[in-house]
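Written as structure tokens, this is what we have:
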């Protein structure tokens, strides 16, 4: 019995290599080619959302606050799509390692955009024709979701957390 407990603890805790602190690396800028079509299309799809909020009601930052919220949602959608490992996306993003790199950047930047949106949205009165009750429910859900995403980003930044534990936190938020 003691041996089984010992083996289980060793399996869960891992080795020294799993707990080593590593410095994050900065990705290199991509060269022009077929593999840049995916990132360019993703970035273009983020910019299209600006036209949906041009007539928002509120002060001058209203359209920008709502646009940043849509950018956050679209970046998280791109991050989720890239995590599915679709082979055709690998070609237009430059390989699986680049797909993972874009997945990580879209995920991290979407949380940053979400934080910026939540800081700016207090001044927003809403969009014409939208229900106040739906807006209140969305705000409550956003607070819970943002807290969970902040925890996930903190776990992702801390490289010394073993990947087998980190994957569980990643799956818990799906």
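In my numbering, the protein residues as written are 238 to 411. Even glycine gets a Cβ: it sits at the ideal position worked out from N, Cα and C.
Simplified DSSP assignment, three categories, for residue i
| i | result |
| --- | --- |
| residue 292 | coil |
| residue 320 | coil |
| residue 262 | coil |
| residue 299 | helix |
| residue 388 | helix |
| residue 355 | helix |
| residue 276 | helix |
| residue 252 | coil |
| residue 368 | coil |
| residue 401 | helix |
| residue 241 | helix |
| residue 395 | coil |
| residue 247 | helix |
| residue 338 | helix |
| residue 349 | helix |
Spatial distance of residue i from residue j (CA atoms)
| i | j | result |
| --- | --- | --- |
| residue 288 | residue 338 | 29 Å |
| residue 374 | residue 383 | 14 Å |
| residue 256 | residue 298 | 44 Å |
| residue 238 | residue 399 | 26 Å |
| residue 179 | residue 388 | Nothing in the structure corresponds to residue 179, since the chain is present only between 238 and 411. |
| residue 303 | residue 285 | 13 Å |
| residue 307 | residue 268 | 28 Å |
| residue 355 | residue 250 | 37 Å |
| residue 404 | residue 283 | 27 Å |
| residue 325 | residue 350 | 28 Å |
| residue 315 | residue 371 | 25 Å |
| residue 353 | residue 301 | 10 Å |
| residue 380 | residue 261 | 29 Å |
Option nearest residue i by Cα separation, candidates the options
| i | options | result |
| --- | --- | --- |
| residue 343 | 322, 280 and 387 | 280 |
| residue 409 | 386, 395 and 399 | 386 |
| residue 271 | 320, 329 and 322 | 329 |
| residue 348 | 333, 300 and 311 | 311 |
| residue 214 | 292, 353 and 273 | With the chain covering 238 to 411 only, the question about residue 214 has no answer from this structure. |
| residue 391 | 242, 309, 331 and 345 | 345 |
| residue 396 | 254, 370, 350 and 292 | 254 |
| residue 305 | 358, 394 and 370 | 358 |
Cβ-based burial, residue i [other Cβ within 10 Å; buried from 16]
| i | result |
| --- | --- |
| residue 368 | exposed |
| residue 278 | exposed |
| residue 366 | exposed |
| residue 265 | exposed |
| residue 276 | buried |
| residue 309 | buried |
| residue 244 | exposed |
| residue 332 | exposed |
| residue 319 | buried |
| residue 336 | buried |
Cβ-heavy atom distance, residue i to the ligand GTP, below 8 Å
| i | result |
| --- | --- |
| residue 397 | Among the ligands in the structure shown, none appear at all, so the ligand GTP cannot be discussed. |
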